[in-house]
Amino acid sequence: MCLDDQILNTYLDGELVEPWRTQVEEHLTYCNACKSRFEQLQSLHYLVSSSRLEDQEIEDHSKKVYQFIENNYISKKKRGFFSRDFRIKTPTLLAVAAAFIVIFVGALLINPKGAAQTDQLIPRVNVAEEGRVVQVKATDGLTVAQILDNFSLEEILKYLDSRGYEVDLRLKGLIPIDSVDNLL
Amino acid sequence: MEVKSNENESFRLVYEEVFPVVMRVAYHVTYNMDVSEDICQEAFIRFFERDIEFKSVDEAKYWLIRVTKNLAINVVKRKSREKAMVDKIKKAPKVPIRSGEEVLISSETKTLVREAVEKLPEKLKSVLVLKEYADLNYKQIAKILRISESNVKVRVHRARKMLESMLDREEIDVS
Ligand SMILES: [Zn+2]
């Protein structure tokens, strides 16, 4: 008895179990009609399967979506003590900054106590008072990434903002967004 | 290896492995890149926010594929109501199927195949897309779609049969 399409398709997908598998194999060695039908089904499968969306067509979308989730979800839950609704889109990218970030904190509400708190909040960051400006500086010895691993810049800004500081952010040594794609 | 959906490392790991698969699933159900991107984003956000533990990356993958497929089917259902009229007028062009050695298929052929897959009824389409584009076996497909393995087997067969007739059975070259 010859083989029907259902059996051939199951065989084609490698899903046919013994003893049928061996029987089909044997049948295909001598029955030309079934063999050519099998080849047709194989070609159809190949045709359909190779019409797939290619990996290189997916890559950019993969990065884009990851970036979105990273910015809006993952980076939000690093520390619980800041409310999660603070939204600044770009600073997350700063985690890859190679050189340093300098944060100038407006002096309106500044006092030694405030500076101490800042020091606590951003561990191992030097806080130096220059007149009415507090400079929070992270240089080579203490990489930005180290700080931002624990506190996203968003969170730092949120904190300072909640303390009533005016924050002026200067960034140096940043890598353009385009070239950091491989890090994402 | 256990996977926690909202633990950053696990999330990243699952994302790297599964994103291409769900993107392919979304695309071959909707045939729209922008829509597919939105669907996958939504699926991964749900994954992240759900805070679920999975026994393995595969289990997480099945979960994500199921969510993606459901989201994609919903989009298609919504859209098909809108363009049901247009589709009645449009007629499928024909494409010859040659058997024998595997050759690279042209972009025109690709388009025709995609148009044919797009026209499959929902139940056949889900199974076929998971089979041909997500590279899953019958057992995995059955698990994701929550149907029996024999049901998967039958639907794969029916889907191919329908595709074959859409892609012009008469012109199949058996030489
Ligand atoms: Zn035969």
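Protein chains in written order, with my numbering: chain A, 13 to 196; chain B, 4 to 178. Note that CB positions come from ideal geometry on N, CA and C, so glycine has one too. Source: prediction; values computed, not measured.
Work out the CA separation of residue j and residue i for me, nearest whole Å.
i, j, result
"I70(A)", "M26(B)", "7 Å"
"N84(A)", "I48(B)", "10 Å"
"L28(A)", "H39(A)", "14 Å"
"V17(B)", "S74(A)", "12 Å"
"E116(B)", "I55(B)", "Residue 116(B) is actually Val in this sequence, not Glu. Roughly 37 Å separates the two Cα atoms."
"L139(B)", "K7(B)", "23 Å"
"S59(B)", "E40(B)", "25 Å"
"Y238(A)", "A145(B)", "No answer is possible for residue 238(A): the residues shown for chain A start at 13 and end at 196."
"K80(B)", "M4(B)", "37 Å"
"E82(A)", "Q68(A)", "22 Å"
"S61(A)", "S110(B)", "13 Å"
"A45(A)", "E20(B)", "42 Å"
"C14(A)", "S55(A)", "20 Å"
"E10(B)", "K128(B)", "33 Å"
"P23(B)", "D16(A)", "35 Å"
"L133(A)", "K82(B)", "Reliability of the predicted coordinates at L133(A) is poor, the pLDDT of 40 falling under 50, and the value obtained from them is presented with this limitation in mind. The straight-line gap from Cα to Cα measures roughly 51 Å."
"S63(A)", "E118(B)", "10 Å"
"P31(A)", "S87(A)", "55 Å"
"M165(B)", "D171(B)", "10 Å"
"S151(B)", "Y78(A)", "34 Å"
"L148(B)", "V130(B)", "8 Å"
"V36(A)", "A46(B)", "41 Å"
"W66(B)", "Y42(A)", "44 Å"
"R3(B)", "A63(B)", "An answer regarding residue 3(B) cannot be provided, because it is not within the stretch 4 to 178 covered by chain B."
"K76(A)", "V38(B)", "14 Å"
"L20(A)", "E51(A)", "10 Å"
"F57(B)", "E85(B)", "38 Å"
"M36(B)", "F50(B)", "21 Å"
"F14(B)", "T34(A)", "43 Å"
"E167(B)", "R53(B)", "41 Å"
"K47(A)", "Q18(A)", "14 Å"
"A137(B)", "R49(A)", "25 Å"
"Y141(B)", "T114(B)", "26 Å"
"D61(B)", "T112(B)", "33 Å"
"E174(B)", "D72(A)", "With a pLDDT of only 46 at E174(B), under the threshold of 50, the placement of this residue in the model should not be trusted, and no figure is reported."
Going by the C-beta, is residue i closer than 6 Å to any heavy atom of ligand 3?
i, result
"C14(A)", "Among the ligands modelled here, namely ligand 1, ligand 3 does not occur."
For residue i and residue j, which I take to be in contact (beta-carbon distance under 8 Å), what is that distance rounded to the nearest angstrom?
i, j, result
"L65(A)", "R163(B)", "Wrong, their Cβ atoms sit about 20 Å apart, outside the cutoff."
"V28(B)", "V132(B)", "6 Å"
"K122(B)", "M169(B)", "7 Å"
"I76(B)", "E12(B)", "Going by Cβ atoms, the distance from I76(B) to E12(B) rounds to 31 Å, so no, they are not a contact pair."
"V78(B)", "I108(B)", "With 8 Å as the limit, V78(B) and I108(B) do not qualify as a contact, their Cβ atoms being about 27 Å apart."
"Q80(A)", "Q44(B)", "Correcting the residue type first, residue 80(A) is Phe in the shown sequence and not Gln. Indeed, because the Cβ distance is near 6 Å, the residues count as touching under 8 Å."
Within 7 Å of any Cβ in chain D, is that where the Cβ of residue i sits?
i, result
"N73(B)", "Judged by its chain identifiers, the structure shown contains no chain D, and its protein chains are A and B."
Name the residues in the segment 68-79 of chain A whose C-beta lies less than 9 Å from a C-beta of chain B; which are they? Within the segment 68-79 of chain A, the residues whose Cβ lies closer than 9 Å to some Cβ of chain B are E69, I70, E71, H73, S74, K76, V77 and Y78, listed in chain order.
Any contact of the segment 62-76 of chain B with the segment 21-35 of chain B, i.e. 3+ C-beta pairs under 8 Å? At 8 Å Cβ cutoff, the stretches touch.
Three Cβ pairs or more, each shorter than 8 Å: is that satisfied between the segment 19-38 of chain A and the segment 143-159 of chain B? Segments in contact, yes.
Using a Cβ-Cβ cut-off of less than 9 Å, give me the residues of the segment 48-64 of chain B that come near chain A, in sequence order. Going along the segment 48-64 of chain B in chain order, one finds I48, F51 and E52 with a Cβ nearer than 9 Å to chain A.
Would you list, in chain order, the members of the segment 25-46 of chain B that have their beta-carbon closer than 8 Å to a beta-carbon of chain A? Taking 8 Å as the Cβ-Cβ cut-off against chain A, the residues of the segment 25-46 of chain B that qualify are M26, R27, Y30, H31, M36, S39, E40, C43 and Q44.
The segment 114-128 of chain B: which residues have C-beta closer than 9 Å to a C-beta of chain A, in chain order? Under the 9 Å Cβ criterion, the segment 114-128 of chain B contributes T114, L115, V116, R117, A119 and V120.
Members of the segment 151-172 of chain B near chain A, C-beta cut-off 8 Å: Cβ contacts with chain A come from K156, V157, V159, H160, R163, K164, L166, E167 and L170.
What residues in the segment 46-66 of chain A bring their beta carbon closer than 8 Å to a beta carbon of chain B? Listed in sequence order: S48, E51, Q52, L53, Q54, S55, L56, H57, Y58, L59, V60, S61, S62, S63, R64 and L65.
Of all the residues that make up the segment 126-145 of chain B, which are near chain A by a beta-carbon distance shorter than 8 Å? Within the segment 126-145 of chain B, the residues whose Cβ lies closer than 8 Å to any Cβ of chain A are, in chain order, L131, K134, E135, Y136, N140 and Y141.
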